[in-house]
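**Student:** Handing you a structure now.
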Amino acid sequence: MSPTADGSGREVPAGRGADRRASEGRRRTHGGERAMVPPAEFTSYYGRPVVKPAPWENDIPAYMFAGGLAAGSSLLAAGADLTGRGALRRAGRLSALGALGFSMVTLVHDLGRPERFLNMLRTVKVTSPMSVGTWILALYGPPAGVAAAAEVAGMLLPRSDRASLRLLAAVGGPAGVLAGVLAPPVAAYTAVLLSDTATPSWHEAYRELPFVFCGSAAAAAGGLATALVPAAQAGPARRLAVGGAVAEVLAEHRMERSMGITAEPLRAGAPGRLMRTARALTLAGAAGMLLAGRSRAVAVGSGAALLAGSACTRFGVVRAGIASARDPRYTVVPQRERVDRGEPVRHPG
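In terms of this note's numbering, the sequence shown opens at residue 284 and continues consecutively.
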């Protein structure tokens with residue numbers, strides 16, 4: 284074996300020199316500067332992930348789904364009240380109350396004790412999505428409850444008691460409109476809450492995730508109302524369901540394209556199956572709404588598909604985020620890409 288110089292005046296075997304030069308070449312960065320250490324492996328620190336996964340069970344995605352359903356139902360009920368559709372208004376208000384009650388049960392179950400929710404109302408911090416979301420929910424709940432209570436009382440009172448019915452309408456009408464005004468923030472704030480965390484697949488989705496959740500809420504609320512009310516009054520509910528479904532699918536598609544590598548958990552494993560199921564159910568439900576006509580069976584089936592699709596979306600997004608936090612790649616790779624582009628490692632927001 285012929286000797287060769289290694290650049291320091293010493294002679295080393297050609298094989299060792301070639302290996303050393305290849306190793307040094309691998310340690311050079313794309314800018315030509317020599318790296319002092321080899322590229323880092325995507326490993327955890329003492330068996331721990333870079334980002335701590337959220338310790339959430341099924342309570343939280345169920346809470347997000349029910350909250351979105353309540354918000355969409357209140358919005359639909361407010362519009363029905365203003366346009367004189369009594370059956371649609373009644374279905375929307377009662378659905379909102381039921382979904383809101385279920386969402387509060389799941390939230391309290393996750394918190395462990397009811398007073399923990401009340402403790403979050405002790406302060407107002409406008410820079411905290413959790414604090415703002417808690418207050419949005421607290422402001423939305425009473426008018427939604429009053430509107431539903433007025434609806435129930437109106438159903439139970441005899442028609443001869445006109446004074447009481449007028450009083451209920453005077454109270455329930457403004458309360459229902461206020462609940463409808465607060466409905467969009469209720470549907471969107473959980474997406475903002477997820478996006479504000481360091482969890483990679485949630486944080487990178489901050490641009491589109493609120494639109495995904497709002498579209499999903501509208502599709503679910505419209506589907507449920509279409510399944511509950513007569514076809515003669517279900518037109519606005521069908522349009523809300525179809526519009527929400529289209530908005531959800533388009534926003535989710537754009538979200539996955541904009542997320543880069545952090546979109547992988549949305550396509551793989553259990554989260555991927557949930558997201559594909561959500562997309563299929565949402566599209567099938569929207570198609571059923573367009574083709575249902577006055578068929579009660581098709582309306583009920585389409586509404587059920589939209590409800591199930593909306594629930595799968597929340598569960599898929601939450602589980603994808605937890606999966607992304609467990610794999611260091613989804614934290615390290617986006618940071619390196621931002622450094623290579625000369626951008627801050629962390630997003631300003």
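Just so it is clear, CB atoms sit at the ideal spot from N, CA and C, and this is done for glycine as well. Note that the coordinates shown come from a computational prediction; the quantities given were computed from them, not determined experimentally.
Give the DSSP-derived three-state secondary structure of residue 290 in the structure shown.
**Tutor:** Per-residue confidence for residue 290 stands at a pLDDT of 43, beneath the threshold of 50, marking its modelled position as unreliable; no derived number is given.
**Student:** Restricting to runs no shorter than 3 residues, where is the beta strand (DSSP E) found entirely within the stretch 446-519?
**Tutor:** As far as the stretch 446-519 is concerned, it has no whole beta strand (DSSP E) run of at least 3 residues.
**Student:** For residue 596, which residues from the same chain have a beta carbon less than 6 Å from its beta carbon, with the 5 sequence-adjacent residues on both sides left out?
**Tutor:** Once the five neighbours on either side are set aside, the close Cβ partners of residue 596 are 499, 561.
**Student:** Using only the alpha-carbon positions, how far apart do residue 432 and residue 421 sit?
**Tutor:** Cα-Cα distance, rounded: 17 Å.
**Student:** Should the stretch 348-367 be regarded as contacting the stretch 465-476, the criterion being three or more beta carbon pairs within less than 8 Å?
**Tutor:** Yes, the stretch 348-367 is in contact with the stretch 465-476.
**Student:** Cα separation between residue 305 and residue 619?
**Tutor:** With a pLDDT of only 43 at residue 305, under 50, the local geometry of the prediction cannot be trusted, and no value is derived from it.
**Student:** When DSSP labels each residue in this structure, what does residue 339 get in the three-state scheme?
**Tutor:** Three-state DSSP puts residue 339 in coil, outside helix and strand.
**Student:** Please give the ranges of any alpha helix (DSSP H) in the stretch 510-564, keeping only runs that are unbroken, at least 4 residues long and fully inside the region.
**Tutor:** Runs of the alpha helix (DSSP H) inside the stretch 510-564: 518-541.
**Student:** Could you check the C-alpha separation between residue 531 and residue 400 for me, to the nearest Å?
**Tutor:** Their backbone Cα atoms lie some 30 Å apart in a straight line.
**Student:** Output yes or no for whether 9 Å exceeds the beta carbon distance between residue 589 and residue 502.
**Tutor:** Their beta carbons are under 9 Å apart, which means residue 589 touches residue 502 by this criterion.
**Student:** From the DSSP output, in three-state form, read off residue 401 for me.
**Tutor:** In the structure shown, residue 401 sits in a helix (DSSP, three-state: H, G or I).
**Student:** Roughly how many angstroms lie between the CA atoms of residue 409 and residue 579, to the nearest whole one?
**Tutor:** The straight-line gap from Cα to Cα measures roughly 46 Å.
**Student:** Does the stretch 360-380 come close enough to the stretch 503-512 to have 3 or more Cβ pairs within less than 8 Å?
**Tutor:** Yes: at least three Cβ pairs fall under 8 Å.
**Student:** Per DSSP, what kind of secondary structure is residue 370 in: helix, strand or coil?
**Tutor:** It is helical.
**Student:** For residue 427 versus residue 389, is the C-beta spacing smaller than 9 Å?
**Tutor:** Against a cut-off of 9 Å, the Cβ pair of residue 389 and residue 427 comes out as no contact.
**Student:** Residue ranges of each alpha helix (DSSP H) run of no fewer than 4 residues wholly in the stretch 412-439, ordered along the chain?
**Tutor:** Runs of the alpha helix (DSSP H) inside the stretch 412-439: 412-439.
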